[in-house]
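Enquirer: Numbering (my numbering), first residue to last: 204 to 724.
The C-beta atom is built at its ideal place from N, Cα and C for all residues, glycine as well.
My questions will all concern the structure given below.
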């Protein structure tokens, strides 16, 4: 009977082919595009981000620690609002459209009461709202700047309609310049009859990429330390999270991936003020993508996040998937390093303001695969130190690491990241990851007895050789149910339908099994 089964398996190969499956992509969210339930909100505030005319939602503002006034470290470390004109596109990224960021909060108000809304603001040297005309290196050329930066107060009725004209202070007209540092601005007014609430706004409108030397550095603006006071109780703060020191809920950036971020001071002690959920070391951002013009995203590693005090930052993305012992796996991803990234230099720039100036750079950037057993113990590791292959020229380069899963492997964990990132020197000191791939045999398809990622004639032969010692009629049913999965070898139109041939084989095999039982009896 064994000879008959061998003949049948040979017939099956002749009909459906015996091509083995190629490696398949195993990762979830490999291109880092999914945002899931990404919570980019700021507690107590509404943030509206939009292009002026184009469709889509640019990443034009966010709550970050380096926008705090005073800048951490201080006795009250906190955060502020970061306006990002470069989200419009420019430099090496195609221009999309002017961008806007409108931050607002609504609180109850009383008719006849006087209110004062104020905020601190700071502009970097190349901020489009502080340079008129714009620099000729930008996407719009040397034209009059379209950017306006304002704080606004609106009184609302019971239907949320604005009563009268909004009260506005234009920061530029109020003395804000690119050289003035942090300045406080305010707008005041008395609530008219019919007022139920007051809406306060801080905004950057029609912001655009602007850079004197074309590097893209130093073109941001910042808001912090908002206050809203009533004339009858000037010491009472009416706003929620007025100083931006409340952090948002845990942001599930990079769905499908586990994000790990940590910070240590120069003594190696953890900096507890910056938990992993703060996004201090990395961020999912459009300008970290290989195709930012299409609104796609990538992973931005912020080596500068530790600041000039020399804190070191770790940031990584990892994902764990089922793996097959003996399977060959390749983990790859695109990497881009800017010229002053601490992981790209051997020595921190001697002219830097950081306390690490002139020291050897401690930063290591890597791709890594770890093969795990059923208890998540590491059986073997394959790692690539990107310092040995990556060039810091601002271009995307594909890097990869390969390995074979040892015996007892249950899962493979892939990780991309960096350890001990430190401030070097401005500008251009970031690193980026995008478009990951993990190629290997797919795991867990019932009937894939040879673990090659498909269910085909090879698997029937594997079943035949294992029956009845290690393979059962139930295994054969799995093979029948999933035949053609994954590789789905082409079937010539002149040959019998695979399904009818499978039925015949199953019937014959059932007869063979019955005959064997009778012989043994």
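Mapping DSSP to helix, strand and coil, what is residue 580?
Expert: Residue 580 carries a coil assignment under DSSP once its states are collapsed to helix, strand and coil.
Enquirer: From the DSSP output, in three-state form, read off residue 687 for me.
Expert: Of the three classes helix, strand and coil, the one that applies to residue 687 here is coil, per DSSP.
Enquirer: Under a three-way DSSP split, which group does residue 249 fall into?
Expert: When DSSP states are grouped into helix, strand and coil, residue 249 belongs to the strand group.
Enquirer: Taking the alpha-carbon positions, what's the residue 408 to residue 302 distance?
Expert: In this model, residue 408 and residue 302 are separated by some 7 Å (Cα to Cα).
Enquirer: Enumerate in chain order the residues of its own chain whose CB-to-CB distance from residue 731 is below 6 Å, with the five nearest sequence positions on each side excluded.
Expert: A query on residue 731 cannot be resolved here, the shown segment of the chain reaching from 204 to 724 and no further.
Enquirer: Would you call the region 650–660 and the region 609–629 touching, i.e. three or more CB-CB distances under 8 Å?
Expert: no
Enquirer: What residues match up with residue 386 in a beta bridge as DSSP calls it?
Expert: 324
Enquirer: If we count Cβ pairs, one from each stretch, closer than 8 Å, do we get three or more for the region 586–594 versus the region 537–551?
Expert: yes
Enquirer: Return the chain-ordered list of same chain residues with a C-beta closer than 8 Å to the C-beta of residue 338, the five sequence neighbours on each side being excluded.
Expert: Taking C-beta separations shorter than 8 Å and ignoring five residues to either side along the sequence, the partners of residue 338 in its chain run 329, 345, 413, 414 and 415, following chain order.
Enquirer: So what does residue 541 bridge to, in DSSP terms?
Expert: According to DSSP, which records beta bridges pairwise, residue 541 is partnered with nothing at all.
Enquirer: Exposed or buried, which one is residue 517 when buried takes at least 16 other CB atoms within 10 Å?
Expert: That one is buried.
Enquirer: Among residues of its own chain, excluding the 5 on either side of residue 293, which ones have a beta-carbon nearer than 8 Å to its beta-carbon?
Expert: 341, 342, 411, 412, 413, 414 and 419
Enquirer: According to the neighbour-count rule (16 or more other Cβ atoms, all chains shown, within 10 Å of its Cβ), is residue 353 buried or exposed?
Expert: buried
Enquirer: On the premise that residue 519 lies in contact with residue 545, defined as a C-beta separation below 8 Å, what is that separation, rounded to the nearest angstrom?
Expert: About 16 Å; that fails the 8 Å criterion.
Enquirer: I'd like to know whether the C-beta atoms of residue 309 and residue 400 end up nearer to each other than 8 Å.
Expert: yes
Enquirer: Name the two residues that bound the continuous alpha helix (DSSP H) containing residue 664.
Expert: 660–669
Enquirer: Looking at the strands, I want to know which residues DSSP matches up with residue 420.
Expert: DSSP lists no partner for residue 420.
Enquirer: Whole angstroms is fine: what's the gap from residue 231's alpha carbon to residue 554's?
Expert: 43 Å
Enquirer: In the DSSP assignment, the beta strand (DSSP E) including residue 592 goes from what residue to what residue?
Expert: Per DSSP, residue 592 lies in no beta strand (DSSP E) segment and is marked neither H nor E.
Enquirer: Excluding the five sequence neighbours on either side, which residues of its own chain have a C-beta within less than 8 Å of the C-beta of residue 695, listed in chain order?
Expert: Only weak support exists for where residue 695 lies, its pLDDT of 34 falling under 50; the value from the coordinates is given anyway. Cβ neighbours of residue 695 within its own chain (closer than 8 Å, five residues either side excluded): none.
Enquirer: Does the region 633–645 touch the region 662–679, meaning 3 or more C-beta pairs lie closer than 8 Å?
Expert: no
Enquirer: Alpha carbon to alpha carbon, how far is residue 649 from residue 261? Give it in angstroms, no decimals.
Expert: 44 Å
Enquirer: Give me the residue from 246, 448 and 575 with the minimum Cα distance to residue 269.
Expert: 448
Enquirer: Give the DSSP-derived three-state secondary structure of residue 673 in the structure shown.
Expert: Three-state DSSP puts residue 673 in coil, outside helix and strand.
Enquirer: Taking only the alpha-carbon atoms, compute the straight-line gap between residue 661 and residue 679 and give it to the nearest angstrom.
Expert: 13 Å
Enquirer: So, is residue 320 buried or exposed, given that buried needs 16 or more other C-beta atoms within 10 angstroms?
Expert: Counting the other CB atoms within 10 Å of its CB gives residue 320 a total of 16 or more, which places it among the buried residues.
Enquirer: Rounding to the nearest angstrom, what Cα-Cα distance links residue 255 and residue 326 in this structure?
Expert: 21 Å
Enquirer: Could you pull out every residue in the same chain whose Cβ sits closer than 8 Å to the Cβ of residue 560, ignoring the five residues on either side in sequence?
Expert: 551, 552, 553 and 554
Enquirer: Which residues share a DSSP beta bridge with residue 558?
Expert: Paired residues: none, contrary to the question.
Enquirer: Would you decide whether residue 146 is buried or exposed? Buried here means 16 or more other CB atoms lie within 10 Å of its CB.
Expert: Beyond the ends of the chain as shown, which are 204 and 724, falls residue 146; an answer cannot be given.
Enquirer: Does DSSP put residue 269 in a helix, in a strand, or in coil?
Expert: helix
Enquirer: State the DSSP-derived secondary structure class of residue 329, mapped to helix, strand or coil.
Expert: The three-state reading of DSSP puts residue 329 in coil, since its state is none of H, G, I, E or B.
Enquirer: Nearest to residue 395 by CA position, among 377, 642, 370 and 248, is which residue?
Expert: 370
Enquirer: Restricting to runs no shorter than 3 residues, where is the beta strand (DSSP E) found entirely within the region 474–531?
Expert: 485–488, 501–504 and 515–525
Enquirer: In chain order, what residues of the same chain lie with their CB nearer than 8 Å to the CB of residue 440, ignoring the 5 residues before and after it?
Expert: Spatial neighbours of residue 440 in its own chain (CB-CB distance under 8 Å, excluding positions within 5 residues in sequence) are listed in chain order as 430, 431 and 432.
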